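All residue numbers for the sequence shown refer to my numbering, where the first residue is 17 and numbers rise by one. Each residue gets a CB set at the ideal place from its N, CA and C atoms; glycine is no exception. Just so it is clear, the structure is predicted and the values come from calculations on it, not from any experiment. Notes follow once the structure below has been shown.
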Amino acid sequence: MPSAERASLTYAFDAYCAWCYGFGPTLRAFAEENAHRIRLSVVSAGLYTGARALPVSAYPHLPAERGDVTRLTGVTFGTGYDRAVSRGTTVLDSAAAAAGLAALRDQPGISELDAAEAMQRAWFVDGRSLSDAEVYRGIADELGLDADAVTAAFSAPAGRVKARADFRALRRLRVLSYPTLLLDSAHGADRMGGADSTVTSLTSALDQRLTTTVPQVPTHDLPSQGEPS
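Structure representation (structure tokens):
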């Protein structure tokens, strides 16, 4: 399929969402399998913003959620993450994380999925705060980007403006839980799947949506996955 005919997909994710971390390997495999026919954009959700931007200790459910995510998806969490949760002092601030993604996403030649995965490794493996500019310097180095440009963009006020724009975009699409994968179509954004999806189910959903005028395929949901309450 020529590049101009690729389907546009939006991945609604939050860098602090454990379910999004668990969904990562499935999304990566799906994206690689269908690279010839999709374009994937990553948009940040505001899971921990405003009054919810609190230290880890304010969320005692996180250790149990970690176990649920591992059981369902098979992903493993790093010792750095375990230490950060045990200390409980890291503030979960999705606005800062969204500004970080925006700073990475704006760099020439970047894969948005690579950027999202690198951010989640920083937190869920290494236990590093996504409010720390040095985290983005390290990610930029890892991805072969201009580290000074990335950290400057993260620290600039425009980064928070772009973060809020992401949050508004997902609210307009009525995305209320994360992760969510959407197909952008003439009929609007059509949900394709989430944390309990498989590569096969996502590819089948894409097949049907690309051959059906009005998408009808239902998707499964996990009420607890990354929902801002």
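**Prompt:** What are the residues that DSSP puts in a beta bridge with Gly209?
**Reply:** In DSSP, Gly209 forms a bridge with Leu197.
**Prompt:** What separation, rounded to the nearest whole angstrom, lies between the Cα atoms of Phe29 and Val91?
**Reply:** Those two C-alpha atoms are separated by around 17 Å.
**Item:** Bridge partners - Ser24, DSSP secondary structure assignment
**Value:** Its beta-bridge partners are Arg55, Asp200.
**Request:** Assign Val107 to one of three DSSP states: helix, strand, or coil.
**Result:** Three-state result, Val107: strand.
**Message:** Please report the distance separating the alpha-carbon of Met208 from that of Ala221.
**Reply:** Rounded to whole angstroms, Met208 to Ala221 spans 6 Å at the Cα level.
**Request:** State the CB to CB distance for the pair Ala34 and Ser110, rounded to an integer number of angstroms; the pair is presumed to be in contact (CB under 8 Å).
**Result:** Not quite, the Cβ-Cβ distance comes to about 13 Å (not below 8 Å), so this is no contact.
**Request:** Would you grab the beta carbon distance between Phe183 and Tyr37 for me? Rounded to a whole angstrom, and I think it's under 8 Å.
**Result:** About 20 Å; that fails the 8 Å criterion.
**Prompt:** Is the Cβ-Cβ distance between Phe46 and Val177 less than 8 Å?
**Reply:** No, Cβ-Cβ distance for Phe46 and Val177 is not below 8 Å.
**Asked** What number of angstroms, rounded off, separates the C-alpha of Ser102 from the C-alpha of Gly143?
**Response** So the alpha carbons of these two residues sit roughly 10 Å apart.
**Message:** At the level of alpha carbons, what is the spacing between Leu161 and Tyr152?
**Reply:** Cα to Cα, Leu161 sits roughly 10 Å from Tyr152.
**Request:** State buried or exposed for Glu21, treating a residue as buried only when at least 16 other CB atoms are found within 10 Å of its CB.
**Result:** Flag for Glu21 reads exposed.
**Beta-carbon proximity list for Leu146, same chain, < 8 Å, skipping 5 on both sides** = The answer, listed in chain order, is Ala31, Tyr32, Asp109, Ala112, Ala113, Gly116, Met135, Ala138, Trp139.
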